[in-house]
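Notes follow the structure.
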Ligand SMILES: Cc1cc2nc3c(=O)[nH]c(=O)nc-3n(C[C@H](O)[C@H](O)[C@H](O)COP(=O)(O)OP(=O)(O)OC[C@H]3O[C@@H](n4cnc5c(N)ncnc54)[C@H](O)[C@@H]3O)c2cc1C
Ligand SMILES: Cc1cc2nc3c(=O)[nH]c(=O)nc-3n(C[C@H](O)[C@H](O)[C@H](O)COP(=O)(O)OP(=O)(O)OC[C@H]3O[C@@H](n4cnc5c(N)ncnc54)[C@H](O)[C@@H]3O)c2cc1C
Ligand SMILES: Cc1cc2nc3c(=O)[nH]c(=O)nc-3n(C[C@H](O)[C@H](O)[C@H](O)COP(=O)(O)OP(=O)(O)OC[C@H]3O[C@@H](n4cnc5c(N)ncnc54)[C@H](O)[C@@H]3O)c2cc1C
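Protein chains in written order, with the numbering used here: chain A, 78 to 352; chain B, 147 to 478; chain C, 2 to 384.
In structure tokens, the structure reads:
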């Protein structure tokens with residue numbers, strides 16, 4: 078019976094993004110929240126591993142009080158229990174501080190953790206940094222973008238696709254894996270599950286003090302980065318015009334755009350080297 | 147004497163594409179270094195890496211820190227972490243830039259954490275103040291918004307940078323750099339994540355809804371044969387073919403290629419639109435296309451006005467030429 | 002009285018919406034056009050408790066409160082009203098009477114199957130000569146040994162083509178020789194229980210609405226729901242509950258049509274600007290949004306009364322009357338905003354427009370609702 082911890086995050090619905098232009102921070106309380114889509118894949122992976130090998134699944138989130146919602150949703154999907162890390166002191170944490178707090182909570186609440194699962198990235202700040210940094214915090218091996226996980230004894234194998242290489246990695250527990258969105262398609266939430274998740278579900282709340290993060294060592298656990306401002310990418314298109322004979326136009330087009338096309342398709346496009 | 151300022155670029159070279167990002171970062175590092183009077187330093191670790199030392203010198207590095215050892219033959223995040231942590235601690239660079247490849251985005255966060263400093267992810271813009279504060283612009287919310295991120299109190303300042311954003315400096319094989327060939331430090335950890343197998347991947351299967359490149363054709367393709375050639379372009383770009391309704395009704399394409407109100411909603415990073423007028427029923431399906439290239443003989447067509455790049459040409463002609471030119475330029 | 006959705010209601014809505022958008026949205030137009038009942042999607046819905054919304058957990062249901070159940074129907078109907086209909090009729094008028102009137106043995110036997118969706122339910126009152134006038138049922142159930150023998154024809158049975166369990170209203174003769182309607186639980190496979198062709202309807206086309214025929218159909222005595230002659234009581238009480246479901250369905254249709262219109266009005270350019278910048282279109286949208294909101298509050302209010310155990314029939318009728326009229330108006334404006342395209346099958350609002358109408362007809366026409374409401378108001382004592 079393994080102890081699996083799944084870290085999940087509540088993100089604002091993408092259709093509405095109220096943010097404070099002055100402070101450059103999101104008015105999260107003003108936006109309806111939802112579970113970060115990639116985190117659902119991580120939960121699905123945990124559930125499938127539990128079906129195969131037996132496990133107890135703890136879902137953990139750090140966020141405002143409303144983040145309790147994603148814990149309930151995860152419990153409705155099948156997780157065994159939830160941990161909510163919630164404290165004003167932690168508001169605005171960057172990935173460094175987030176991974177610190179998550180790490181402390183994992184050590185405190187699930188000291189005998191075997192496997193930590195994270196989503197590949199979030200749909201709001203999209204850094205994909207929390208998983209790898211949490212592995213550092215816990216000083217355990219990690220693999221990002223897992224598409225398939227096998228367990229045998231206390232060793233697991235992770236298949237993944239990175240930079241156009243197919244890799245199989247092997248790690249011993251405890252270890253951390255971030256789950257790719259290509260596989261482990263999340264199951265739907267059943268209504269009976271939702272009812273149960275509001276009916277005596279085991280959810281524990283921790284604050285900064287519980288985690289031993291007092292203001293004294295705030296520098297050790299505090300944020301390193303600061304978001305100076307958030308702004309809408311200007312949508313006005315350049316509308317570059319290319320005319321002329323088709324052969325010339327095609328060459329001109331590639332001269333100007335082959336670099337960005339190459340970056341998207343992951344293949345080299347280069348004009349013949351001039352001599 | 148004040149310490150020599152230094153901007154580091156991590157040499158990521160496992161495939162052509164990763165190497166390109168490294169070159170782009172070197173070029174940006176040269177710009178930034180100019181503002182604050184820093185040197186540009188490339189870190190290259192691995193085995194048989196002479197090629198990269200030469201290339202990074204030719205592309206703008208002032209200094210190369212290299213560690214060449216057979217035990218570094220294959221990429222290992224954990225080895226690289228230990229080596230970089232040591233180098234950084236010894237030499238105290240101001241800034242470290244790492245390509246936002248899959249490798250970089252797994253490696254950089256752990257390095258930043260070990261160095262107890264900040265990191266911004268997948269930047270699409272980098273600026274620097276004369277005092278040396280790196281302004282890192284990173285996309286958020288699916289690229290709809292941009293965030294400006296700074297690491298004020300901790301050093302080095304670290305960022306991963308999206309491929310294809312910065313333009314590399316043309317190589318100059320006359321350039322020289324100080325190349326420091328360092329020994330492999332003793333006591334390198336045994337990696338806890340062991341690579342059991344790895345192989346180059348074949349293209350991932352995709353559907354039109356999640357394709358990153360889509361080549362759409364409309365009535366302006368003229369006939370079924372011309373239309374069929376769109377799949378050749380799509381193939382070269384690893385993309386899919388889409389169609390407008392008249393084209394589907396004419397039988398040039400199947401119904402599952404239909405894009406628009408009555409068909410698929412697509413969100414490619416690059417959309418080619420050949421011979422399409424841009425009726426609202428079609429464009430309703432393009433809500434999220436990132437970069438649109440339209441080809442039409444009528445420069446006033448709505449599709450041409452919506453495009454990032456509008457090519458006034460005969461669609462079939464331009465397509466043939468583009469395919470020919472691309473085949474010359476694509477290499478792996 | 003609480004106007005903000007609680008965490009649970011938010012999650013219920015999000016879950017139902019996610020399911021409807023991923024599973025129903027891609028097929029809604031096609032199953033409408035070709036009158037297909039999407040069995041594979043229904044199979045997935047079974048596992049998610051769509052067929053046991055308010056059934057207690059010990060019978061395998063989700064034990065939801067009434068607002069939650071209304072939200073589920075609303076979200077399904079926002080995308081595909083015909084499937085919303087399947088679910089609301091199953092839960093609201095086929096399962097509900099079991100919860101209220103069945104004896105323990107009947108509950109044991111049928112509730113698990115219904116709640117799991119293994120069996121789909123139908124509620125069959127209407128006959129050719131008994132529409133608004135439910136008292137004019139002509140189907141007969143004659144006692145014969147330990148059974149009743151049913152003869153007659155039911156029409157317009159929602160889920161009729163696929164139901165495994167149908168509640169049939171038929172006349173029985175009571176000891177005093179008066180004919181009174183009673184309700185029978187009829188199972189698929191009972192001899193003499195036959196189905197007619199699917200109706201070719203204006204809307205709700207993906208729902209297999211059909212006739213049911215009874216030709217000397219033998220129904221065991223223990224399948225009588227309630228007592229002989231309880232038909233009227235069961236019928237009225239069940240319809241009170243069903244109306245909440247139809248109101249939720251109408252509300253979902255209105256919501257879907259409104260959202261489609263807002264999106265279209267922003268995109269569609271005429272006179273070189275989006276039509277949404279025209280005041281007339283803005284007025285339409287303001288009315289649609291306001292009335293949809295009012296409809297929603299009215300509906301949830303009826304749900305709240307029901308869960309509190311208070312009488313809710315009048316409020317359910319009001320909600321049904323208002324929500325269905327809003328649905329008709331909003332969908333008609335939606336077509337208007339879409340212009341000619343809105344009149345084409347390529348656009349969803351055309352389907353919404355067709356689907357909305359029947360919410361003013363079934364489970365009591367708007368005229369009948371007014372009758373019920375007026376009766377209730379006028380019967381209140383004068384102080
Ligand atoms: C616009 C914007 C830009 C930002 N840019 C940066 C930046 O460049 N650098 C930086 O350090 N910080 C940045 N932040 C702060 C960052 O959003 C927070 O630290 C956040 O808590 C985690 O980062 P993420 O959302 O990118 O997570 P990711 O690293 O993308 O998340 C991956 C996975 O980590 C887990 N996870 C992440 N957050 C939590 C959580 N709160 N609780 C439980 N599990 C979690 C989940 O499994 C998730 O799927 C930014 C914030 C904003 C609003
Ligand atoms: C209810 C409804 C729903 C619809 N749904 C959809 C839908 O989902 N998807 C969809 O695509 N359409 C849909 N349509 C049809 C839509 O309105 C347009 O008719 C259609 O998109 C036009 O396709 P087109 O651009 O290929 O053709 P046209 O509008 O005929 O445009 C052809 C374009 O090609 C250019 N051209 C011609 N010859 C050449 C040449 N040799 N070289 C270069 N350019 C050339 C012309 O200048 C013109 O701009 C729908 C219509 C209705 C009424
Ligand atoms: C898609 C669909 C699904 C249905 N599903 C079911 C089902 O599952 N089970 C079931 O039992 N039935 C079902 N019905 C039948 C439905 O409930 C009846 O059609 C409805 O009750 C009206 O009856 P009627 O059609 O006979 O109209 P009528 O009763 O003939 O009414 C015709 C008109 O006269 C008006 N009218 C009648 N009496 C009065 C009065 N006293 N005062 C003022 N106006 C009056 C009505 O309001 C209406 O406008 C369904 C119908 C449809 C179309």
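Positions of the beta carbon are idealized from the N, C-alpha and C atoms, including for glycine.
Note on residue 217 of chain B: under 16 other CB atoms within 10 angstroms of its CB, so exposed under the neighbour-count rule. Look at residue 131 of chain A: its beta carbon is at least 7 Å from all of the heavy atoms in ligand 1. Note on geometry: alpha-carbon atoms of residue 72 of chain C and residue 118 of chain C lie some 19 Å from one another. For residue 156 of chain B, no Cβ of chain A is located within less than 8 Å of the residue's own Cβ.
Residues of the segment 38-51 of chain C with a C-beta less than 8 Å from any C-beta of chain B: none at all.
In this structure, residue 56 of chain C sits near residue 96 of chain C, with a CB-CB distance shorter than 8 Å. In the pairwise beta carbon analysis, the segment 308-325 of chain C is classified as touching the segment 357-370 of chain C: at least three pairs are separated by under 8 Å. In summary, the residues of the segment 414-429 of chain B whose CB is separated from some CB of chain C by less than 9 Å are 426, 427, 429, in the order they occur in the chain. Closer than 7 Å at the C-beta level to chain B, one finds these residues of the segment 236-247 of chain A: 238, 239, 240, 241, 242, 243, 244, 245, 246, 247. Residue 210 of chain A and residue 172 of chain A do touch by the CB rule: their CB atoms are close to 6 Å apart, below 8 Å. Contacts with chain A at 8 Å (Cβ-Cβ) include residue 11 of chain C. Put simply, the backbone Cα of residue 345 of chain B is about 16 Å away from that of residue 163 of chain B. Interface flag for residue 164 of chain B against chain A is set, since a Cβ pair is found closer than 8 Å. C-alpha of residue 327 of chain C to C-alpha of residue 292 of chain C: approximately 6 Å in a straight line.
Annotated three-state conformation of residue 208 of chain A is helix, per DSSP. Shortest gap from the CB of residue 392 of chain B to any heavy atom of ligand 2: under 7 Å. If you compare the alpha carbons of A:176, A:332, A:127 with that of residue 300 of chain A, the shortest gap goes to A:176.
At least one CB atom of chain B sits nearer than 8 Å to the CB of residue 206 of chain A. A straight-line Cα-Cα distance of about 22 Å links residue 403 of chain B and residue 341 of chain A. Excluding residues up to 5 positions away in sequence, 221 lie with their Cβ nearer than 6 Å to the Cβ of residue 160 of chain B in the same chain. DSSP places residue 118 of chain A inside the alpha helix (DSSP H), whose first and last residues are 114-130.
With a 10 Å radius around the Cβ and a threshold of 16 neighbouring Cβ atoms, residue 89 of chain A comes out buried. Closer than 8 Å to the CB of residue 272 of chain A there is at least one CB belonging to chain C. DSSP lists A:83, A:159 as the beta-bridge partner residues of residue 136 of chain A. Residues of the segment 277-306 of chain A with a Cβ closer than 8 Å to any Cβ of chain C: none. Among the CB atoms of chain C, one or more fall inside 8 Å of the CB of residue 407 of chain B. Beta bridge pairing from DSSP links residue 268 of chain A with no other residue.
One Cα belongs to residue 468 of chain B, the other to residue 327 of chain A, and the distance between them is close to 5 Å. Around residue 111 of chain A, the beta-carbon contacts reaching into chain C at under 8 Å are 15. Among the residues facing chain B, residue 269 of chain C is included, as its CB has a counterpart in that chain under 8 Å away. A straight line joining the alpha-carbon of residue 293 of chain B with that of residue 285 of chain B spans about 6 Å. Here the C-alpha atom of residue 215 of chain B lies approximately 16 Å from the C-alpha atom of residue 233 of chain B.
For residue 276 of chain B against residue 182 of chain B, the beta-carbon gap comes to about 7 Å, under 8 Å, which counts as contact.
Under the 8 Å Cβ criterion, the segment 244-260 of chain A does not count as touching the segment 30-39 of chain C, having fewer than three qualifying pairs. Around residue 379 of chain B, the same chain offers 361, 469 as residues with beta carbons nearer than 6 Å, after the five sequence neighbours per side are excluded. Pairwise C-beta distances place the segment 108-126 of chain C out of contact with the segment 253-262 of chain C, as fewer than three of them are shorter than 8 Å.
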